[in-house]
Each structure stands twice: as structure tokens, then as C-alpha cells.
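Chemist: So that we are looking at the same thing, I have put the structure below in C-alpha cells.
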């Protein structure tokens with residue numbers, strides 16, 4: 001079985017790059033969050049335009065493109081031309097009647113939960129990564145923040161910001177981001193936390209359905225859909241689990257919220273709130289959590305993408321806030337990990353510890369995650385307000 005570590009290298013803007021896109025083979029639509037692995041154990045990830053950049057100062061023999069919804073493809077680097085486009089076919093989902101008779105979706109999820117401590121790295125380790133979030137108010141960009149970080153992962157996680165840049169925050173109601181990277185780690189890693197639908201004690205609050213099997217990087221992956229049962233408004237997450245059929249490691253989680261229950265949660269939470277302060281009502285969630293396998297066979301968090309829609313209400317006026325956040329793990333260091341201390345206050349405004357960029361025109365692409373067209377427009381929106 002092939003083992004990959006997603007390592008995203010840091011380069012400077014003057015380095016020449018190969019600029020490429022990944023699209024679906026049938027509709028020619030861009031594919032976001034495709035892992036592009038190099039033969040040397042490094043990789044990058046595509047943005048929402050399906051775009052990725054390759055520096056030309058390193059030796060690459062071949063590239064492997066992988067995404068759970070698409071068949072993996074390996075291309076020789078010499079066959080990849082500048083501004084080339086890679087097309088991926090949808091990975092067929094096989095509804096094997098033999099497998100269907102053999103497994104129980106609920107029992108499979110239960111076994112996957114019981115195997116978490118065995119399948120995932122439990123010894124101390126460092127992660128080096130990249131975090132970006134952007135905020136739109138009524139579809140107009142009002143804030144963007146990026147940071148490079150190092151974390152020390154043990155029984156708890158300490159995260160230190162290494163470098164950062166941010167814009168002004170032009171949101172009318174002054175919506176702030178608290179916790180930043182640390183909150184993404186602490187709240188977003190459902191497998192590590194055995195949270196919600198991965199909590200054994202809450203398993204009976206969900207129903208599970210086997211939807212088939214796909215092939216992903218030489219692994220046979222079960223696709224299991226989960227939905228909340230009953231009327232309990234606290235049980236509102238629904239989505240898909242992708243589980244390795246052999247090790248029962250959870251490879252990927254995609255989930256959203258039951259909107260009717262979400263509305264009831266908002267209504268209950270607003271009963272005692274003062275009408276003098278803005279109210280932020282969560283309206284929709286669409287999140288992705290992805291894990292990768294290390295050479296030692298253990299699995300670890302690789303990528304989190306969070307898309308939240310909130311309604312801000314103040315003085316009978318309403319504002320829609322779209323918050324998009326992405327956490328990319330660049331490197332995992334398991335040998336002699338270094339302890340680090342968090343250098344920002346988790347309970348206060350995350351953006352206050354990050355250096356503001358005076359000239360937004362200098363906010364060029366990063367090789368870790370290239371700016372999408374929408375993000376570039378968002379920066380233009382902010383620049384126009386800044387002027």
C-alpha cells in the first residue's frame with residue numbers, strides 16, 4: 001500500500017512556477033481540495049478553482065492526484081506542461097451485495113471508534129501547517145487572515161504562530177474570530193475527540209447506511225451515511241463517513257447541519273440575550289475533515305475546511321456573514337518533537353496578535369494554498385474599503 005505525507009514547502013514569490021488546474025473529465029468543473037503528491041514525499045492542495053502551483057527549482061519525477069470522489073491518477077512530471085489541465089474521472093461506487101450482507105454500518109462505525117487509539121498517532125508529535133480564513137458580509141469581502149504555525153500535539157495541543165498577515169476587519173457589526181488555529185484543532189478533529197457521531201455513548205442517536213465501496217490510494221473505502229434520529233435538537237449533524245475497510249481507520253468526514261434543528265437551537269439560545277447587542281445566528285454549516293496515513297501506518301489529521309453562514313442582527317438590520325476557514329497540515333514530525341507554547345490568548349480576538357499588512361497589493365499567492373479567484377476578489381473588496 002502506498003503511504004503519503006502531505007508536505008507543503010515554503011517558497012518565495014520570485015521562484016518560477018508551473019501553474020496547473022484539475023477538472024472533472026465530464027463537466028470540466030474545477031475540483032477543490034485535491035491532494036497533489038510528489039514522488040519525493042511532498043505535496044500541495046488545489047484551491048476552489050482546482051488550481052495548484054509547482055515550483056520549478058525542485059526535482060519531481062511524477063505526481064499523484066488523489067481525491068475520495070475521483071479515481072487517482074499518476075502523471076510523469078515531464079508530461080506535465082506549464083498551464084496544463086489534469087482531468088479526473090469520478091471514482092465508481094460499488095454496492096457489493098456480498099459486502100452489504102457481511103457488514104452492519106452501525107457496527108462498522110462502532111469498531112472504527114474502538115480502533116481510533118490504535119489507528120491514529122498517540123505519541124507526542126509536531127505539526128507544521130497553514131491556516132487561512134476569510135469573512136464576507138452580504139457577499140462583500142471584509143477580512144482575511146493567514147498564518148504559518150507549529151504545534152505540539154500530545155494529550156493537549158499547543159499552537160505557536162510563526163508568521164502571519166491580516167487585513168483590517170470591515171464588518172459592520174465587528175464580528176471577531178476567537179481561537180483561530182487552536183479552535184480548529186481542538187474542535188475540528190472529531191476523530192481525536194471522539195466527538196458527536198463518533199461518541200460511543202451517542203451512537204444510538206444516529207442511523208447509519210452503507211452506500212457502497214470506493215478505491216482510494218490502493219485502499220478499499222466504505223462510504224457510510226449518517227443522519228440524526230429523533231427530535232433532540234442537540235443531535236443535528238448529518239453527512240458521510242469514509243472508512244478504510246481493512247484497518248477501519250476513518251479517512252474522511254463530510255457533514256452539515258439539519259437546518260430545522262439548527263433553527264430551533266438558535267431560537268433556544270437567543271431567549272436570554274440582550275437586544276442591545278448584536279445577535280449572531282448560525283444558519284448553515286458545511287465542513288470537511290480529512291486524515292492521512294504516515295509511513296509508520298498510523299493516521300493523523302491532514303486537512304479541515306469549515307464553511308459557516310451566520311446571520312448578524314442588530315437594531316432590526318440583518319447581515320449575512322460567510323466565514324470560510326482552511327487548516328492544512330504541511331509536515332508531521334514524529335521524531336524528537338519540540339514542545340512549543342501558544343503565543344496568543346485563546347479567549348480573546350485571534351486577529352489582534354497577527355501583524356496587519358499595510359499594502360494589500362503585496363498579498364500575492366502562497367504555494368501552500370493559492371488564492372482562488374473569489375479570494376482575490378475578496379481582497380479587492382477590502383482594498384477598496386481600505387482606501
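In our numbering, the protein residues as written are 1 to 387. Glycine is no exception: its CB is placed at the ideal position from the N, C-alpha and C atoms.
When the Cα atoms are used, what is the spatial distance from residue 250 to residue 59?
Modeler: Counting from 1 along the chain shown, the entry for residue 250 is found at position 250. Counting from 1 along the chain shown, the entry for residue 59 is found at position 59. C-alpha separation (whole angstroms): 33 Å.
Chemist: Restricting to Cα atoms, I'd like to know which of 93, 205, 310 and 198 is closest to residue 321.
Modeler: Translated into the one-based positions of the chain shown, residue 321 becomes position 321. Nearest option by C-alpha distance: 310.
Chemist: Taking all protein chains shown into account, do 16 or more other C-beta atoms lie within 10 angstroms of the C-beta of residue 16, making it buried, or fewer, making it exposed?
Modeler: As a first step, residue 16 is located in the chain shown; it is residue number 16 there, counting from the start. In this predicted model, residue 16 has a pLDDT of only 46, less than 50, meaning its place in the structure is not dependable; the value taken from the coordinates is given anyway. Exposed, since its Cβ has fewer than 16 Cβ neighbours within 10 Å.
Chemist: Which residue spans inside the segment 127-174 form an unbroken beta strand (DSSP E) run of at least 3?
Modeler: 140-153 and 157-166
Chemist: Excluding the five sequence neighbours on either side, which residues of its own chain have a C-beta within less than 8 Å of the C-beta of residue 110, listed in chain order?
Modeler: As a working mapping, residue 110 is identified with position 110 in the chain shown. 200 and 203, listed in sequence order.
Chemist: Could you pull out every residue in the same chain whose Cβ sits closer than 7 Å to the Cβ of residue 381, ignoring the five residues on either side in sequence?
Modeler: Against the chain shown, residue 381 aligns to sequence position 381. So the qualifying residues of the chain are 140 and 141.
Chemist: Closest by CA to residue 157, which one among 132, 207 and 184?
Modeler: The residue given as residue 157 occupies position 157 in the chain shown. It is 184 whose Cα lies nearest to the Cα of residue 157.
Chemist: Answer yes or no: do residue 87 and residue 69 have a C-beta to C-beta separation smaller than 8 Å?
Modeler: Start at 1 with the first residue of the chain shown, and residue 87 comes out as number 87. Start at 1 with the first residue of the chain shown, and residue 69 comes out as number 69. For residue 87 and residue 69, no; Cβs fall outside 8 Å.
Chemist: For residue 348 versus residue 178, is the C-beta distance shorter than 8 Å?
Modeler: Mapped onto the chain shown, residue 348 falls at position 348. Mapped onto the chain shown, residue 178 falls at position 178. Cβ atoms of residue 348 and residue 178: closer than 8 Å.
Chemist: Would you grab the beta carbon distance between residue 356 and residue 168 for me? Rounded to a whole angstrom, and I think it's under 8 Å.
Modeler: Along the chain shown, read from residue 1 onward, the residue named residue 356 stands at position 356. Along the chain shown, read from residue 1 onward, the residue named residue 168 stands at position 168. With 8 Å as the limit, residue 356 and residue 168 qualify as a contact, their Cβ atoms being about 7 Å apart.
Chemist: When you compare only the Cα positions, how much space is there between residue 66 and residue 218?
Modeler: The residue given as residue 66 occupies position 66 in the chain shown. The residue given as residue 218 occupies position 218 in the chain shown. Approximately 11 Å, taken between the alpha carbons.
Chemist: By the DSSP assignment, the beta strand (DSSP E) with residue 228 in it spans what residues?
Modeler: Here the question's residue 228 lines up with position 228 in the chain shown. Residues 219-228.
Chemist: Would you report the Cα separation of residue 268 and residue 287, rounded to the nearest angstrom?
Modeler: Position 268 of the chain shown holds residue 268. Position 287 of the chain shown holds residue 287. Going from the Cα of residue 268 to the Cα of residue 287 covers about 23 Å.
Chemist: Got a sec, what are the start and stop residues for the alpha helix (DSSP H) residue 118 sits in?
Modeler: Residue 118 sits at position 118 when you count from the first residue of the chain shown. Its alpha helix (DSSP H) spans residues 116-119.
Chemist: Specify, as a first and last residue, the run of the beta strand (DSSP E) that residue 181 falls within.
Modeler: Start at 1 with the first residue of the chain shown, and residue 181 comes out as number 181. Here residue 181 belongs to no beta strand (DSSP E); instead the alpha helix (DSSP H) covers 181-188.
Chemist: Name the residue from 62, 71 and 72 whose alpha carbon lies nearest to the alpha carbon of residue 79.
Modeler: For this step, residue 79 is matched to residue 79 along the chain shown. Residue 79 has its Cα closest to that of 62, out of 62, 71 and 72.
Chemist: Residues in its own chain within less than 8 Å of residue 420 by CB, not counting five upstream and five downstream?
Modeler: This structure does not reach residue 420, given that the chain is present from 1 up to 387, and the question cannot be answered.
Chemist: So, under 8 Å CB-CB, residue 353 and residue 130 are touching, yes? Tell me the CB distance rounded to an integer number of Å.
Modeler: Taking the chain shown and counting its residues from 1, one reaches residue 353 at position 353. Taking the chain shown and counting its residues from 1, one reaches residue 130 at position 130. Going by Cβ atoms, the distance from residue 353 to residue 130 rounds to 17 Å, so no, they are not a contact pair.
Chemist: Excluding the 5 residues flanking residue 146 on each side, which residues of the same chain have their C-beta closer than 6 Å to its C-beta?
Modeler: In the chain shown, the residue the question calls residue 146 occupies position 146. Hits under 6 Å: 132 and 165.
Chemist: Can you list, in chain order, the residues of its chain with a C-beta nearer than 6 Å to that of residue 151? Leave out the 5 residues immediately preceding and following it.
Modeler: The residue given as residue 151 occupies position 151 in the chain shown. Excluding sequence neighbours, residue 151 sits near 127, 157 and 159.
Chemist: When you compare each of 85, 64, 38 and 253 to residue 50 by their alpha carbons, which one comes out closest?
Modeler: Position 50 of the chain shown holds residue 50. Residue 85 is the option with its Cα nearest to residue 50.
Chemist: For residue 346 and residue 186, what's the separation of their Cα atoms in angstroms?
Modeler: The count along the chain shown starts at 1 and reaches residue 346 at position 346. The count along the chain shown starts at 1 and reaches residue 186 at position 186. Between the alpha carbons of residue 346 and residue 186 lies a distance of about 11 Å.
Chemist: What would DSSP say about residue 215, mapped onto helix, strand or coil?
Modeler: The residue given as residue 215 occupies position 215 in the chain shown. Strand.
Chemist: From the DSSP output, which residues share a beta bridge with residue 299?
Modeler: Working through the chain shown from its first residue, we reach residue 299 at position 299. Looking at the DSSP assignment, residue 299 forms a beta bridge with 120 and 293.
Chemist: Helix, strand or coil for residue 33? Go by DSSP, reduced to three states.
Modeler: What you label residue 33 is simply residue 33 of the chain shown in a count that begins at 1. Residue 33 falls in the coil class under three-state DSSP.
Chemist: Nearest CA to the CA of residue 114: which residue from 20, 191 and 255?
Modeler: One-based indexing of the chain shown puts residue 114 at position 114. The shortest Cα separation from residue 114 among 20, 191 and 255 belongs to 191.
Chemist: Taking the straight line between their C-alpha atoms, what separation do you get for residue 378 and residue 237?
Modeler: Translated into the one-based positions of the chain shown, residue 378 becomes position 378. Translated into the one-based positions of the chain shown, residue 237 becomes position 237. Taking the straight line from one Cα to the other gives about 29 Å.
Chemist: Go through its chain and collect everything with a Cβ distance to residue 76's Cβ below 6 Å, but skip five positions before and after it.
Modeler: In the chain shown, the residue the question calls residue 76 occupies position 76. Hits under 6 Å: 62.
Chemist: Which parts of the segment 71-105 are runs of the alpha helix (DSSP H), unbroken and 4 residues or longer, counting only runs that do not cross its ends?
Modeler: 97-102
Chemist: Are the CB atoms of residue 257 and residue 226 within a distance shorter than 8 Å?
Modeler: For the purposes of this step, residue 226 is taken as the residue at position 226 of the chain shown. For the purposes of this step, residue 257 is taken as the residue at position 257 of the chain shown. Contact flag unset, no.
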